[in-house]
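Taken in order, the sequence shown gives residues 7 to 153; the numbers are from the numbering used here.
Report on the structure given below.
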Amino acid sequence: MYYRLVTEKPILGAGYQSWTLKLPATIGRSGDADVCVEDESISRSHCQLFLGNDESLQVRDLNSLNGTFVNGERIRKVHSLFPGDVIQVGAAFLRIEYASDTDPGKPPAKRRSAQNNVTQPMKAHRFEEAAAITPPNSSKRWWEFWK
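Below is the structure:
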């Protein structure tokens, strides 16, 4: 399973960002972190995202100074995550999105609009045109094949 992290608010100096996660993934300020967010309010190794025994996405705080919050609530132990949940690490707000079961590079599905739902009318054929159609390399007409 592949998940994506997307910034809820622009990060100072970096703007909006997104990361496709290869689990387990570490979020932190260090260049060695899988999700590197360069902000002084974030520890070098702030928290870790991983798949639990039941294949659910989970997060654990790595003894960060400012703590890790999920949907505004500070976590003290392993916490399960769902798509749409917001993780706060320091001053960064990161939203969890489900990316794909098999392909991390697959672009997200496009939303359908009313303009894409318009159907085109079928082309009408006259009977005379259909009667003139014969299969290639055949001298039979279409109605002679069922005799």
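C-beta: ideal position from N, C-alpha, C; glycine also.
Query	Result
Buried or exposed for residue 6, going by 16 or more other Cβ atoms inside 10 Å?	Given a span of 7 to 153 for the chain in the structure shown, any question on residue 6 remains unanswerable.
Given a cut-off of 9 Å, decide if residue 41 and residue 27 are closer than it, judged by their beta-carbon atoms.	yes
Tell me whether residue 150 sits in a helix, a strand or coil according to DSSP, three-state version.	helix
Taking the beta strand (DSSP E) that residue 94 falls in, what are its first and last residues?	92-95
Tell me which residues share the same chain as residue 65 and place their Cβ nearer than 6 Å to its Cβ, disregarding the 5 neighbours each side in the sequence.	53, 55, 85 and 87
Rounded to whole angstroms, what is the Cα-Cα separation between residue 79 and residue 69?	16 Å
Mapping DSSP to helix, strand and coil, what is residue 86?	strand
Going by C-alpha to C-alpha distance, which of 33, 89 and 82 sits closest to residue 97?	33
Count the other C-beta atoms from every protein chain shown that fall within 10 angstroms of the C-beta of residue 38, then say buried if there are 16 or more, exposed otherwise.	exposed
Pop quiz: residue 92 and residue 77 are said to be a contact at Cβ under 8 Å. What is the actual Cβ separation, rounded to whole angstroms?	6 Å
Here's the rule I'm using: 16 or more other beta-carbon atoms within 10 Å means buried, otherwise exposed. How should residue 57 be labelled?	exposed
Looking at the strands, I want to know which residues DSSP matches up with residue 55.	31 and 65
Is residue 60 closer than 9 Å to residue 17 when the C-beta atoms are compared?	no
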